[in-house]
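Following the working numbering, the numbering of the sequence shown begins with 9 at its first residue and continues without gaps.
All residues carry an ideal CB built from backbone N, CA and C; glycine is no exception.
Since we're looking at a predicted model, the values are computed, not measured.
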Amino acid sequence: MSKGKVWLVGAGPGDASLITVKGLHCIRHAEVIVHDRLVNPELLAQAPAGCLIIDVGKTPSHHPVPQEQINALLVRHAGEGRQVVRLKGGDPYVFGRGGEEAEQLAKDGLSFEIVPGISSAIGGLAYAGIPVTHRHYASSFHIVTGHMCQGNDPQDWHALAKINGTLIVLMGMTRLTEICQQLIEGGMSAATPVAVVMYASQSRQQIAKGTLTDIHLEVERQKLHAPALIVIGEVVNLQEILAFSASHLALNEVAV
Numbered sequence: 009m010s011k012g013k014v015w016l017v018g019a020g021p022g023d024a025s026l027i028t029v030k031g032l033h034c035i036r037h038a039e040v041i042v043h044d045r046l047v048n049p050e051l052l053a054q055a056p057a058g059c060l061i062i063d064v065g066k067t068p069s070h071h072p073v074p075q076e077q078i079n080a081l082l083v084r085h086a087g088e089g090r091q092v093v094r095l096k097g098g099d100p101y102v103f104g105r106g107g108e109e110a111e112q113l114a115k116d117g118l119s120f121e122i123v124p125g126i127s128s129a130i131g132g133l134a135y136a137g138i139p140v141t142h143r144h145y146a147s148s149f150h151i152v153t154g155h156m157c158q159g160n161d162p163q164d165w166h167a168l169a170k171i172n173g174t175l176i177v178l179m180g181m182t183r184l185t186e187i188c189q190q191l192i193e194g195g196m197s198a199a200t201p202v203a204v205v206m207y208a209s210q211s212r213q214q215i216a217k218g219t220l221t222d223i224h225l226e227v228e229r230q231k232l233h234a235p236a237l238i239v240i241g242e243v244v245n246l247q248e249i250l251a252f253s254a255s256h257l258a259l260n261e262v263a264v
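Quick look at the structure:
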């Protein structure tokens, strides 16, 4: 039996044409694809005939396929000699549990390769007209999760309130009001600009803007929900100036 291998592939922030050339090559030669909820269906349509496609997507409060079972799926199919693509939104190593999956594959002596993707925390915000750094406003950026692993201490928002630069929160929508309040209590100005970007880089992208004090009201008004990015800092003020209309190319129009 030929030896199997797993490619942990970043699918990018949402627009299918933002996947890397190598990532698309992996999809087009896969025998098994194990994908997350946020992967664009256009990418799955690039799989070859006969490819086994397995949906292991999670929602914030519903994990129908626990992480241990996902790990086991990768181990089993690669162990049986198949070419497996683990397809994740964004980048596999940016809050995508790619590190856990690669660790399991390494422990089981299976071949794997990481194919980085454009993180939504950078590329998604770029599509919204928000640069994460700017020489006049932010010389650093900090990406944190609003949803800690069960049993871990909560995020220290008071400490994060004191950093300079852009603060980007992934998986924080269910705690948006609490996060903003904690940052204010930690010393961040209540007038600090905040944006929430839902469906970043996709044609249905929506953006809400406000401050730490009132962003939750604008989010409620627009009925925004997860999946969405929260970005906090002066770079938000550039959004209207730097916003652009994206050309959403079909993958058959992309030369690879």
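Nearest-angstrom Cα separation, counted from Gln214 out to Gly173: Along the sequence shown, read from residue 1 onward, the residue named residue 173 stands at position 165. Along the sequence shown, read from residue 1 onward, the residue named residue 214 stands at position 206. Rounded to the nearest angstrom, the two C-alpha atoms are 24 Å apart.
On the three-pair Cβ rule with 8 Å, is the segment 139-147 touching the segment 118-125? Per the Cβ contact rule, the segment 139-147 is not in contact with the segment 118-125 (fewer than 3 Cβ pairs under 8 Å).
Just list the residues that DSSP pairs Gly98 with in beta bridges. Taking the sequence shown and counting its residues from 1, the one referred to as residue 98 is at position 90. DSSP output for Gly98 lists Gly20 as bridge partner(s).
Among Ser127, Ala208, Ser209 and His224, the one whose alpha carbon lies nearest that of Pro201: As a first step, residue 201 must be located in the sequence shown, where it is residue number 193. Comparing Cα-Cα distances from Pro201 to each of Ser127, Ala208, Ser209 and His224, the minimum goes to His224.
What would DSSP say about Met206, mapped onto helix, strand or coil? Residue numbering aside, residue 206 sits at position 198 when the sequence shown is read from its first letter. In the structure shown, Met206 sits in a strand (DSSP, three-state: E or B).
So, Ala208 versus Gly22, is the Cβ gap smaller than 8 Å? Numbered from its first residue, the sequence shown carries residue 208 at position 200. Numbered from its first residue, the sequence shown carries residue 22 at position 14. Cβ atoms of Ala208 and Gly22: closer than 8 Å.
By the 10 Å Cβ neighbour count, where 16 or more other Cβ atoms means buried, how is Asn260 classified, buried or exposed? As a working mapping, residue 260 is identified with position 252 in the sequence shown. Asn260 should be labelled exposed.
Assigned exposure category for Pro235 - 16 Cβ within 10 Å defines buried: Working through the sequence shown from its first residue, we reach residue 235 at position 227. With 16 or more other Cβ atoms within 10 Å, it is buried.
Tell me whether His85 sits in a helix, a strand or coil according to DSSP, three-state version. In the sequence shown, residue 85 corresponds to position 77, counting from 1. In this structure, His85 counts as helix in the three-state DSSP scheme.
With H, G and I counted as helix, E and B as strand and the rest as coil, what does DSSP make of Gly194? Along the sequence shown, read from residue 1 onward, the residue named residue 194 stands at position 186. Coil, per DSSP.
Of all the options Val152, Val204, Val47 and Met179, which has the alpha carbon lying nearest to the alpha carbon of Ala169? Walking along the sequence shown from the start, residue 169 turns up at place 161. The candidate whose alpha carbon is nearest that of Ala169 is Val152.
Inter-residue Cα distance where the pair is Gln54 and Ser211: The residue given as residue 54 occupies position 46 in the sequence shown. The residue given as residue 211 occupies position 203 in the sequence shown. Linking Gln54 to Ser211 through their CA atoms gives a straight-line distance of about 20 Å.
Can you tell which of Lys30, Gly104, Leu246 and Val40 has its C-alpha closest to the C-alpha of Lys66? Along the sequence shown, read from residue 1 onward, the residue named residue 66 stands at position 58. Across the set Lys30, Gly104, Leu246 and Val40, the C-alpha of Gly104 shows the shortest separation from the C-alpha of Lys66.
When the distance is taken between beta carbons, is Thr221 closer than 8 Å to Ala198? Numbered from its first residue, the sequence shown carries residue 198 at position 190. Numbered from its first residue, the sequence shown carries residue 221 at position 213. Yes, these two residues count as a Cβ contact at 8 Å.
Option in Gly20, Val17, Trp15 and Leu250 with minimal Cα separation from Ile138: On the sequence shown, position 130 is the one that residue 138 refers to. Per the Cα distances, Leu250.
Label Ile61 either buried or exposed according to how many other C-beta atoms from any shown protein chain fall within 10 Å of its C-beta, with 16 as the threshold for buried. Taking the first residue of the sequence shown as 1, we reach residue 61 at position 53. Exposed: under 16 other Cβ atoms inside 10 Å.
Looking at the unbroken beta strand (DSSP E) that takes in Gly218, where does it start and where does it end? Within the sequence shown, numbered from 1, the residue matching residue 218 stands at position 210. It spans Gln214 to Thr219 - the beta strand (DSSP E) in which Gly218 sits, taken as one unbroken run.
Secondary structure at Thr153, three-state DSSP: helix, strand or coil? As a working note, residue 153 is residue 145 in the sequence shown. Three-state result, Thr153: strand.
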